[in-house]
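See below for the structure under consideration.
Residue numbers (the numbering used here): 452 to 765.
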């Protein structure tokens with residue numbers, strides 16, 4: 452668990468890990484150059500399972516995670532962020548799942564999202580590997596703080612610091628052809644939505660790069676302009692039916708040649724997203740106008756990400 456100036460929610464997170472029904476684990480906490488009470492809170496715990504590491508300077512998340520991987524001794528590595536909460540049986544459920552399914556390399560779960568005013572929503576993600584592979588074209592569908600995976604997976608691939616902000620998305624995409632994923636269809640963590648979370652334009656741009664890389668791997672003949680149009684589809688932003696059909700056909704053709712994704716699942720998901728992106732004429736016109744205005748302000752490459760609104764709470 453990396454933590455940087457996380458004093459506000461840190462104790463609640465640590466308590467949730469130490470109170471797991473599965474007790475045989477080491478808890479690696481890396482203080483990434485915090486200047487608040489983070490260290491004081493960590494040192495207040497007397498538990499032999501805690502392995503505390505303090506970075507001399509702020510390395511940021513990718514390098515800090517890679518550092519933690521080097522220290523890890525177990526067969527599996529579980530992730531949690533310092534502002535989230537593990538449900539009591541999380542480790543037990545995931546360890547049992549990994550042992551019963553030795554072909555699975557990364558196991559995530561659904562998340563119980565909650566915000567500062569008490570709203571909650573169950574965030575569901577695709578369950579099976581071939582579904583997850585397709586869904587990664589649209590978004591990072593494996594919740595990073597829900598993950599438990601084989602140590603070899605993390606050691607072989609590692610996080611890349613040039614993708615800080617979407618380092619997990621990049622990792623899942625790079626491993627998707629060689630490794631197998633699954634999401635347990637029940638919430639094993641509580642995912643906190645709050646105002647101090649890392650967000651903004653830069654992480655959106657990084658996620659755009661990851662999606663672009665993946666889409667061009669699946670469909671090498673796709674153009675940069677078509678990638679931007681596909682991002683409109685992924686974020687359910689207005690796109691003309693004629694344009695969306697052209698992009699769908701091209702992606703399906705490209706995938707039929709690369710044979711990376713299940714073409715039936717890909718076709719189904721593309722059609723669903725396209726239908727939602729072209730569903731409401733009034734909403735589409737408003738989104739189109741918003742896109743035009745923001746594009747003039749911020750540039751076309753990231754515009755579709757700027758107008759995206761998180762649909763966690765409905």
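Each residue gets a CB set at the ideal place from its N, CA and C atoms; glycine is no exception.
Residue interval of the alpha helix (DSSP H) (run including residue i)
i: residue 467; result: 458 to 469
i: residue 602; result: 602 to 608
i: residue 559; result: Careful: residue 559 lies outside any alpha helix (DSSP H), inside the beta strand (DSSP E) at 557 to 566.
i: residue 724; result: 714 to 728
i: residue 584; result: 580 to 586
i: residue 680; result: 675 to 685
i: residue 510; result: Premise fails: residue 510 is in no alpha helix (DSSP H) and is neither H nor E.
i: residue 652; result: 652 to 669
i: residue 493; result: 489 to 494
i: residue 695; result: 692 to 709
Interface flag, residue i vs chain D, CB-CB below 8 Å
i: residue 531; result: In the structure shown, chain D does not exist; there is a single protein chain.
Heavy atom of the ligand SAH within 7 Å of residue i beta-carbon
i: residue 685; result: Here there are no bound small molecules, and the ligand SAH is not part of this structure.
Proximity below 8 Å, CB of residue i to CB of residue j
i: residue 558; j: residue 542; result: no
i: residue 713; j: residue 585; result: yes
i: residue 710; j: residue 632; result: no
i: residue 480; j: residue 493; result: yes
i: residue 576; j: residue 634; result: yes
i: residue 587; j: residue 560; result: no
i: residue 463; j: residue 502; result: no
i: residue 695; j: residue 729; result: yes
i: residue 592; j: residue 642; result: no
i: residue 724; j: residue 667; result: no
i: residue 523; j: residue 454; result: no
i: residue 610; j: residue 482; result: no
i: residue 636; j: residue 583; result: no
i: residue 605; j: residue 546; result: no
i: residue 682; j: residue 659; result: yes
i: residue 459; j: residue 537; result: no
Reference residue i; option with closest CA among the options
i: residue 397; options: 679, 657 and 522; result: What the structure shows of the chain is the stretch from 452 to 765, and residue 397 is not part of that stretch, so it cannot be assessed.
i: residue 670; options: 580, 704 and 457; result: 704
i: residue 618; options: 592, 643 and 661; result: 661
i: residue 690; options: 467, 722 and 550; result: 722
i: residue 540; options: 467, 574 and 496; result: 467
i: residue 486; options: 509, 653, 500 and 478; result: 509
i: residue 715; options: 571, 615 and 699; result: 699
i: residue 535; options: 606, 638 and 717; result: 638
i: residue 707; options: 471, 495 and 672; result: 672
i: residue 629; options: 499, 555, 507 and 720; result: 555
i: residue 531; options: 452, 515 and 553; result: 452
Bridge-paired residues (DSSP) for residue i
i: residue 527; result: 601
i: residue 501; result: 478
i: residue 537; result: 640
i: residue 624; result: Paired residue(s): none; residue 624 is not in a bridge.
i: residue 453; result: 481
Cβ neighbours of residue i in the same chain (closer than 7 Å, five flanking residues each side left out)
i: residue 740; result: Summary for residue 740: the model assigns pLDDT 48, below 50, so the residue's position carries little reliability, and this model does not support an answer.
i: residue 497; result: none
i: residue 608; result: 622, 625 and 626
i: residue 461; result: 454, 489, 492 and 533
i: residue 562; result: 574, 594, 597, 638, 640 and 642
i: residue 456; result: 485, 486, 487 and 489
i: residue 680; result: 690, 694 and 698
Close Cβ partners of residue i (< 6 Å) along its chain, the five nearest in sequence each way excluded
i: residue 529; result: 599
i: residue 566; result: 644
Residue i - containing beta strand (DSSP E), residue span
i: residue 637; result: 632 to 644
i: residue 574; result: 571 to 574
Close Cβ partners of residue i (< 8 Å) along its chain, the five nearest in sequence each way excluded
i: residue 732; result: With a pLDDT of only 44 at residue 732, under the threshold of 50, the placement of this residue in the model should not be trusted; the figure read from the coordinates follows. Correct list: empty, nothing qualifies.
i: residue 701; result: 670, 672, 673 and 677
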